[in-house]
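J.: Protein chains in written order, with my numbering: chain A, 6 to 518; chain B, 6 to 518. I have a structure I would like to understand better, so I am pasting it below and will then ask my questions one at a time.
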């Protein structure tokens, strides 16, 4: 067995059976080893698609996929979505082919400081010593990824083709998440009982799914506290029959206003609410200056267990759950605007669909108005790097056969990693990509005003407008094998979504604003 | 004057008047300062387009452009083409907006180790200390870029909006390139006179344009030595009325055969010929094992001056110049193949056009068969990272108004940074993008065989095939406002190229193989 085969065998033995790949010459041995019926290799036409797909895959599956990238520049193309994945706690095993060791000293054109490029965004990083150590290196990389870390394994060509000897079968170890210490829970319980004003519980990560929201809902019923998420969360289970969490707003003024009443904020698997950007004269910290923060569960700890302990301490285990009722939303008619978009979504979303939300300006209203839709999952961009949506939708769909994925994009964000559409078509993924085409970086117009500049001058304005020429997303989708349709009324938008769910495979809807 | 204005004023004062931009919130002050009629800001829909455009701009203009990128992930998206630019010796000033300094400690979603990401590929890197030092920092960045270096200036939001005070007007200093020491020239001259076998002169960088090839041609006439380039060169002036340089082949077997006769290799602004990748059982060094290397001019030295000194030392200043004669190529007919592609190109290329070559498999034959075309420039990918072509064509066209740019792409490579097409349309650039659609990563098939695997198994083969679904490049181009046409005969390919030159603005030709 050569090194590449030992690596693939270890991946498979550990249950890592999906590889999002954009291979090059230095990965030919790995490619040969991937020719294994147990491994699902998914070709991506750009590396940012591969790393974003690994993010979406982990969010839905809670276990990692591998990526295969080509040398330093191939990794570089994947870094922005690695940043987003890292912020989302999505583990992945990045296998980066490198030159043959003896070739490095000649500084061939594709040589770069590969470890230097990988280090800032990898939790775990190693250049394998050779074929004989690859299986052990792979095991460690997989275990790191399973715990939500970015693991980057650099694979020199000679390690791929060298003799790996006997490859051991390692046991699969699941990472354990620590429960919070009892004193911490007691402290929070005491504080909630004594507080004379409203208390906010902010949930994140795995506490936003499974039993987490239900437990938070019981605590809210018993104590009157409010329950919310940060503006961005990696995955929320929500909709009718679940417990709705409020959402701390994005813009600083709105967030300050939202948080103003709370003198106590309890965080579960997250930290203090912070502004996305800083603005002249506005604070970075969003809480009221006198508000106290109480960490019930740190990021990485078991927040659901923490909520269970807190519910016990508060005697809230039997309190009523504020189950979200089903809200039947009539199909909206007429003009496209944020409200009619949200209503069309709420009316069209099938049960257990997955909403990947990178719609920025146009999608801000959707969350509140879809809370009574059929139960669904929402995935949001934790890292803020644009180009997250369509790749994450790719991976989410790969991980969740039978579930329709709606990928909500702005026109600006859509253009970063649009190559995903080709993989949607190739793999027949049930992804409906919705592009809200307002033909500008509208978020930047707002941010320009937030900085105190008012209306931009003509040359600055041009840098935020993408209307010249007009992007035709139906044409772009057709070019990659995805059928598309353009709509400019709320009823047509709704109908197009419903139609896309009735057929298997991908579709694109351009919503002209 | 605030920091951002001081920065823009210093850029303009130093002649850096073009900025390839993909801005975000942290760059709003810089955007406001860019609202200056003397600065040409070019919006790019993906950062790899911006950095590749800066590469193409430098190659043609020999002076740097600026890029504007958004935080660590925005930089990350531009890194692959920064790698290519670095390898090509193309300087650029990357301005990377960062969070406001006081905001960094809150570890907001877009926070990353920005300097860590920039360091591996930047020659010059600094996070500015504040508004008051920005003009000096910018000057140093510009001077580094002018000398062909990657200069990365990190611009925290508060440095942008802080008070910069009086901004000095700095003088413009041109970098000087050293001439080689006389002893080195004498050594090479003596060797050439005494050599009993053929000698090869390998030219690179600026020695491949202006008087460099002519001087090399005189030396070749006088001494019988051969003159060539590496397989990849940043810019070659060639065609009828110039001196043709041979090209060392890409594939190792062919390169070994080509170099086999030479026992002496003289390098000018480059180093030893090295294999792009290493293969089992094949050497990395391409020269004959007994061949001696003689460096006439190191990279960065003045190779043209070195050739002048060598010509003097050899008494070759008056030797005949082997001017390339004009070869009138008849319009080819019928099937598309590498030869008919090259003939169609040779017949269609207008005087002083610019060929940006990322065609990989399909373009390998073009160089030999276009040597007698009308005089033109060829730009090749020095760094090997795919996605170089259309961005470099963008920058080359911005730097060279009135000259038609042909951008030759494979279908695989075209998909990496296809967002360039939109900027072509927006700026009305005279770029004809030619996509050779063989519907596979054909280069990888060859490399798979080179690794000794023969024909790939079905799953490995799938990772090299991009025919499912078929990419429709005419649709993709239309989606970004570029008119396109599909051709499948040599005469139609020729006619489409000629038509594209007759009209101003961009065009795309999909050549179905």
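Ideal Cβ positions, reconstructed from N, Cα and C, are used throughout, including at glycine.
#1: Count the other CB atoms, across all protein chains shown, that sit within 10 Å of the CB of residue 320 of chain B; report buried if there are 16 or more and exposed otherwise.
#2: Assuming residue 361 of chain A and residue 410 of chain A make a contact with CB atoms under 8 Å, what is their CB distance in whole Å?
#3: Going by the DSSP bridge assignment, what does residue 75 of chain B pair with across the sheet?
#4: Assuming the contact rule is C-beta atoms closer than 8 Å, residue 88 of chain A and residue 162 of chain A should be a hit. Round their C-beta distance to whole Å, please.
#5: So residue 424 of chain B contacts chain A; which residues on that side make the cut at Cβ distance below 7 Å?
#6: Pull the bridge partners of residue 97 of chain A from the DSSP assignment, please.
#7: Since residue 269 of chain A is in the alpha helix (DSSP H), which residue starts that stretch and which ends it?
#8: Could you spell out the range, first to last residue, of the alpha helix (DSSP H) harbouring residue 52 of chain B?
#9: Who are the neighbours of residue 97 of chain A on chain E, taking C-beta pairs under 7 Å?
#10: What does residue 168 of chain B touch in chain A if you count any residue whose Cβ is under 8 Å from its own?
#11: If we cut at 7 Å on Cβ distances, does residue 293 of chain A have a partner in chain B?
#12: Are residue 264 of chain B and residue 287 of chain B touching if we call contact CB-CB under 7 Å?
#13: Taking just the CA atoms, how far does residue 494 of chain B sit from residue 404 of chain A?
#14: What do you get for residue 424 of chain A, buried or exposed, if any count of 16 or more other CB atoms within 10 angstroms of its CB means buried?
#15: So if DSSP puts residue 358 of chain B in a beta bridge, which residue, or which two residues, is it bridged to?
#16: What would DSSP say about residue 31 of chain B, mapped onto helix, strand or coil?
#17: In three-state terms, what does DSSP make of residue 332 of chain B?
#18: Compile a chain-ordered list of the residues in the stretch 42 to 62 of chain A whose CB is closer than 8 Å to at least one CB of chain B.
#19: Expressed to the nearest angstrom, what Euclidean distance is found between the alpha-carbon atoms of residue 589 of chain A and residue 393 of chain A?
#20: Please list the partners that residue 5 of chain B has in chain A, where partner means a Cβ-to-Cβ separation under 7 Å.
#21: Residues of chain B with CB closer than 7 Å to the CB of residue 162 of chain A, please, in chain order.
#22: Select from the stretch 462 to 480 of chain B all residues with a C-beta closer than 9 Å to any C-beta belonging to chain A, and list them in chain order.
#23: When DSSP builds the beta bridges, which residues end up paired with residue 490 of chain A?
#24: In the DSSP assignment, the beta strand (DSSP E) including residue 242 of chain A goes from what residue to what residue?
#25: What is the DSSP secondary structure of residue 295 of chain A, counted as helix, strand or coil?
#26: Alpha carbon to alpha carbon, how far is residue 120 of chain A from residue 217 of chain A? Give it in angstroms, no decimals.
#27: Are residue 273 of chain A and residue 305 of chain A close, meaning C-beta to C-beta below 7 Å?
#28: State yes or no: is the C-beta of residue 397 of chain A within less than 7 Å of the C-beta of residue 60 of chain A?
#29: Using the C-alpha atoms, what's the distance from residue 461 of chain A back to residue 316 of chain B?
#30: Assign residue 330 of chain A to buried or exposed, taking buried as 16 or more other Cβ atoms, counted over all protein chains shown, within 10 Å of its Cβ.
#31: Would you call the stretch 16 to 30 of chain A and the stretch 171 to 180 of chain A in contact, with 3 or more CB pairs under 8 Å?
#32: From the beta carbon of residue 279 of chain B, is the nearest beta carbon of chain A less than 7 Å away?
#33: DSSP three-state call for residue 363 of chain A: helix, strand or coil?
#34: Just the chain B side, please: which residues come within less than 8 Å of residue 173 of chain A by C-beta, in chain order?
#35: From which residue to which residue does the beta strand (DSSP E) around residue 412 of chain B run?
#36: With residue 40 of chain A and residue 259 of chain B assumed to form a contact (beta carbons below 8 Å), what rounded beta-carbon distance in angstroms separates them?
T.: On the basis of the data shown:
#1: It counts as exposed.
#2: Residue 410 of chain A and residue 361 of chain A do touch by the CB rule: their CB atoms are close to 6 Å apart, below 8 Å.
#3: Answer is B:102, bridged to residue 75 of chain B.
#4: About 28 Å separates the two Cβ atoms, so there is no contact after all.
#5: Neighbours of residue 424 of chain B on chain A, chain order: 420.
#6: DSSP lists A:155 as partners of residue 97 of chain A.
#7: Note, residue 269 of chain A: premise wrong, no alpha helix (DSSP H); beta strand (DSSP E) at 269 to 273.
#8: Element bounds for residue 52 of chain B: 52 to 66.
#9: Checking the listed chains, one finds no chain E in this structure; the protein chains it contains are A and B.
#10: Residues of chain A whose Cβ lies closer than 8 Å to the Cβ of residue 168 of chain B do not exist; the shortest such Cβ separation is about 12 Å.
#11: Not closer than 7 Å to any Cβ of chain B, the Cβ of residue 293 of chain A fails to qualify, so no.
#12: In this structure, residue 287 of chain B does not lie closer than 7 Å to residue 264 of chain B by Cβ.
#13: Going from the Cα of residue 404 of chain A to the Cα of residue 494 of chain B covers about 43 Å.
#14: Buried is the call here.
#15: In the DSSP assignment, residue 358 of chain B forms a beta bridge with B:381.
#16: Helix.
#17: Taken through DSSP and simplified to helix, strand or coil, residue 332 of chain B comes out as coil.
#18: Of all residues in the stretch 42 to 62 of chain A, 42, 44, 46, 48, 50, 51, 53 have a Cβ within less than 8 Å of some Cβ in chain B.
#19: A query on residue 589 of chain A cannot be resolved here, the shown segment of chain A reaching from 6 to 518 and no further.
#20: This structure does not reach residue 5 of chain B, given that chain B is present from 6 up to 518, and the question cannot be answered.
#21: Correct list: 283.
#22: Flagged, chain order: 462, 463, 464, 465, 466, 467, 468, 469, 470, 471, 473, 474, 475, 476, 477, 478, 479, 480.
#23: Paired residues: A:514.
#24: Counting along the chain, the beta strand (DSSP E) containing residue 242 of chain A begins and ends at 241 to 243.
#25: Three-state result, residue 295 of chain A: coil.
#26: Residue 217 of chain A and residue 120 of chain A have their alpha carbons spaced roughly 38 Å apart.
#27: Against a cut-off of 7 Å, the Cβ pair of residue 305 of chain A and residue 273 of chain A comes out as no contact.
#28: Judged by their CB atoms, residue 397 of chain A and residue 60 of chain A are nearer to each other than the 7 Å cut-off.
#29: C-alpha of residue 316 of chain B to C-alpha of residue 461 of chain A: approximately 58 Å in a straight line.
#30: Counting Cβ neighbours within 10 Å, residue 330 of chain A comes out exposed, since fewer than 16 surround it.
#31: Result yes; three or more Cβ-Cβ pairs closer than 8 Å.
#32: Nearest CB-CB separation between residue 279 of chain B and chain A: below the 7 Å threshold.
#33: In the structure shown, residue 363 of chain A adopts extended strand secondary structure according to DSSP, grouped into three states.
#34: Simply none; closest approach about 25 Å.
#35: Looking at the DSSP string, the run of the beta strand (DSSP E) that includes residue 412 of chain B is 410 to 415.
#36: That pair is no contact at about 28 Å.
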